[in-house]
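First the structure, in the form of structure tokens, and then the observations on it.
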Amino acid sequence: MAHSSCVTRIPSLTRSCLHRSSPITTSLTASLPRSQRQQTRFSSHAPSSPSLAARGQKPTTIQTLQKMHQEKSPITMLTAHNFPSALIAQEAGMDMILVGDSLAMVSLGMPDTSEVTLDEMIMSARAVSRAVNRSFTVGDLPMGSYEISPEQALTSAIRMVKEGRMQSVKLEGGAEMAPAIKKITTAGIPLVAHIGLTPQRQHALGGFKVQGNTLDKAMALLRDAKAVEDAGAFAVVLECVPSEIAEEVTNALKIPTIGIGAGNKTSGQVLVQIDMIGIRPPDAFMPKFVKKYGSMWESGLAAIKQYKDEVSDRSYPGPQHVYKSDAKVTEAFRAAIQSTQS
Ligand code: KIV
Numbered sequence: 001m002a003h004s005s006c007v008t009r010i011p012s013l014t015r016s017c018l019h020r021s022s023p024i025t026t027s028l029t030a031s032l033p034r035s036q037r038q039q040t041r042f043s044s045h046a047p048s049s050p051s052l053a054a055r056g057q058k059p060t061t062i063q064t065l066q067k068m069h070q071e072k073s074p075i076t077m078l079t080a081h082n083f084p085s086a087l088i089a090q091e092a093g094m095d096m097i098l099v100g101d102s103l104a105m106v107s108l109g110m111p112d113t114s115e116v117t118l119d120e121m122i123m124s125a126r127a128v129s130r131a132v133n134r135s136f137t138v139g140d141l142p143m144g145s146y147e148i149s150p151e152q153a154l155t156s157a158i159r160m161v162k163e164g165r166m167q168s169v170k171l172e173g174g175a176e177m178a179p180a181i182k183k184i185t186t187a188g189i190p191l192v193a194h195i196g197l198t199p200q201r202q203h204a205l206g207g208f209k210v211q212g213n214t215l216d217k218a219m220a221l222l223r224d225a226k227a228v229e230d231a232g233a234f235a236v237v238l239e240c241v242p243s244e245i246a247e248e249v250t251n252a253l254k255i256p257t258i259g260i261g262a263g264n265k266t267s268g269q270v271l272v273q274i275d276m277i278g279i280r281p282p283d284a285f286m287p288k289f290v291k292k293y294g295s296m297w298e299s300g301l302a303a304i305k306q307y308k309d310e311v312s313d314r315s316y317p318g319p320q321h322v323y324k325s326d327a328k329v330t331e332a333f334r335a336a337i338q339s340t341q342s
């Protein structure tokens, strides 16, 4: 799809479009004069982002997110698991795009997140990274890729950055993960922590349950939040926590909290894209905190049913979808077939 539009719009760039650059970057770059294309590189190490410059936009950085936090401007984060979902999330203006290990359940059909591997997460992250040049990207480290030792955690984080092309990583756990968080962040890899309901530990937690809902548990949550902040995390996801507790934890931290099922007083929000745009069958379980902003299941289903009907009654493809042969070629071709048959 993307490459055919490249071919029709900018034939002279077809080769580079297909083989080297991202389709979005290339199609927008093509409209810029050559001199401007070169000027958009900010330093010898900064990747050129001409499409952003053309739109008067800048990439979101850790500093952008910190400034938003200081100014109490809510940070928006959404998951993406492949190229088109990343493209649409960025187009909608998401500050952060998370390649979450929710990939396992909502995109790969696994029963829980424990099955997905680092290699699978990296493949998903690579696809997302090809679409994104403005939002700040976060790659989830899956279960088994970071708990054994800080060294293992750093090795996996490096793979997520080098191979997955993510700008930061996320891992689940609080105070007990502080040595791993320190190891990763002191190596120069930004990290988002994830506390409260940590789905990778669902069996230890007894299922997907609200966390921090007693005084002791709320105190433990706060200790975890402080520990991951002290270890170097630049943000922390709070999942399934009562809103009042999440608010107090947010107020007690210097780093932003990104809530999911944690009320509207956290520094930002994250949702799983497939849930919120509604690419789920009507009977799929949906947690209380998910708001369905769209009904992609219904519109997708209607489109596919119409395609089936139109193929069945031969109204698709219509005249506008077909390539026509030269009449003389067709005639000669038919004659040639006839002569081989006689
Ligand atoms: O895996 C994921 O999508 C996540 C979010 C729900 C925060 O961790």
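Going left to right, the sequence shown walks through residues 1 to 342 as the UniProt record's numbering numbers them. Positions of the beta carbon are idealized from the N, C-alpha and C atoms, including for glycine. Keep in mind it's a predicted model, so treat the numbers as computed, not measured.
**Request:** Just the C-alpha distance for Trp297 and Ile148, rounded to the nearest angstrom, thanks.
**Result:** If I take the Cα positions, the gap works out to 40 Å.
**Prompt:** Quick one: Cα of Ile195 to Cα of Lys308, how far?
**Reply:** Answer to the nearest angstrom: the Cα atoms are 46 Å apart.
**Prompt:** Quick one: what does DSSP say Ala127 is sitting in, helix, strand or coil?
**Reply:** Ala127: helix per DSSP, three-state reduction.
**Asked** When you compare only the Cα positions, how much space is there between Lys226 and Lys162?
**Response** Cα-Cα distance, rounded: 29 Å.
**Item:** Nearest-angstrom Cβ-Cβ length linking Val210 and Val237, presumed shorter than 8 Å
**Value:** 15 Å between Cβ atoms; not a contact.
**Request:** Take the Cβ of Arg159 as the centre, count every other Cβ of all protein chains shown within 10 Å, and call the residue buried at 16 or more, exposed below.
**Result:** Label assigned to Arg159: buried.
**For His69, three-class secondary structure by DSSP** = Look at His69 here: in three-state DSSP terms it is helix.
**Message:** Please classify Val116 as buried or exposed, where buried requires at least 16 other C-beta atoms within 10 Å of its C-beta.
**Reply:** Per the 10 Å Cβ criterion, buried.
**Asked** Helix, strand or coil: which one does DSSP assign to Ala141?
**Response** One detail in the question is off: residue 141 reads as Leu in this sequence, not Ala. If DSSP states are grouped into helix, strand and coil, Leu141 belongs with coil.
**Request:** Taking only heavy atoms of ligand 1 into account, decide whether any of them is closer than 7 Å to the Cβ of Glu115.
**Result:** Not one heavy atom of ligand 1 sits closer than 7 Å to the Cβ of Glu115.
**Asked** Pick from Val322, Ala175, Ala302, Gln63: whose alpha carbon is nearest that of Ser135?
**Response** With distances taken between Cα atoms, Ser135 lies closest to Gln63.
**Per DSSP, the bridge partner or partners of Gly173** = DSSP, once it has assigned bridges, lists His194 as partnering Gly173.
**Alpha-carbon spacing of Pro242 relative to Gly263, whole angstroms** = Spanning the two alpha carbons is a distance of roughly 7 Å.
**Distance between Leu253 and Thr79 (C-alpha atoms, nearest Å)** = Distance between the alpha carbons of Thr79 and Leu253 is about 24 Å.
**Asked** Near Ile184, which residues of its chain fall below 7 Å by C-beta distance, leaving aside the five closest residues on each side in sequence?
**Response** Same-chain partners within the cutoff: Ala153, Leu154, Ala157, Val169, Leu191.
**Message:** Using 8 Å as the cut-off, can you tell me whether the segment 132-146 makes contact with the segment 91-102, which would need three or more C-beta pairs spanning the two stretches below that distance?
**Reply:** Yes: the two stretches touch, three or more of their Cβ pairs being nearer than 8 Å.
**Request:** Select from Glu331, Ala178, Ile260, Asp95 the residue whose C-alpha is nearest the C-alpha of Lys288.
**Result:** The shortest Cα separation from Lys288 among Glu331, Ala178, Ile260, Asp95 belongs to Ile260.
**Residue from Ala220, Ala178, Thr198, Ser312 with nearest C-alpha to Phe234** = Measuring from the Cα of Phe234, the nearest candidate turns out to be Ala178.
**Prompt:** Can you tell me whether DSSP reads Phe333 as helix, strand or coil?
**Reply:** Correct three-state label for Phe333: helix.
**Message:** Here's a check: name, in chain order, each residue in its chain whose Cβ is nearer than 6 Å to the Cβ of Leu76, leaving out the five neighbours to either side.
**Reply:** A small correction: the amino acid at residue 76 is Thr; Leu does not occupy that position in the sequence shown. If we look at Thr76 and ignore the five residues flanking it on each side, its Cβ neighbours are Met94, Asp95.
**Prompt:** Which residues bound the alpha helix (DSSP H) around Gln211?
**Reply:** Per DSSP, Gln211 belongs to no alpha helix (DSSP H) and is neither H nor E.
**Message:** Quick check on the burial criterion: 16 or more other C-beta atoms within 10 angstroms. Buried or exposed for Lys182?
**Reply:** Lys182 counts as buried, since at least 16 other C-beta atoms from the protein chains shown sit within 10 angstroms of its C-beta.
**Prompt:** Using a Cβ-Cβ cut-off of 6 Å (strictly less than) and excluding sequence neighbours within five positions of His81, which residues of its own chain qualify?
**Reply:** Around His81: Leu103, Ser107, Ser124.
**Request:** Please confirm whether any heavy atom of ligand 3 lies closer than 7 Å to the CB of Leu191.
**Result:** Ligands displayed in this structure: ligand 1; ligand 3 is not among them.
**Prompt:** DSSP three-state call for Ile10: helix, strand or coil?
**Reply:** The predicted position of Ile10 is uncertain, since its pLDDT is 33 and thus under 50; no value can be drawn from it.
**Asked** If we count the other Cβ atoms within 10 Å of its Cβ and call it buried at 16 or more, is Asp129 buried or exposed?
**Response** The residue you asked about is not Asp; residue 129 is Ser in the sequence shown. Ser129 should be labelled buried.
**Whole-angstrom C-beta distance between Gly164 and Met121, which should lie under 8 Å** = With 8 Å as the limit, Met121 and Gly164 qualify as a contact, their Cβ atoms being about 7 Å apart.
**Enclosing alpha helix (DSSP H) for Gly300 [first to last residue]** = Secondary structure note for Gly300: its alpha helix (DSSP H) is the uninterrupted segment 296-312.
**Asked** Per DSSP, Gln269 forms a beta bridge with which residues?
**Response** Answer is Thr76, Gly259.
**Asked** Any idea if Thr113 is buried or exposed, counting beta-carbon neighbours within 10 angstroms, 16 or more meaning buried?
**Response** Looking at its Cβ environment, which holds 16 or more other Cβ atoms inside 10 Å, Thr113 is buried.
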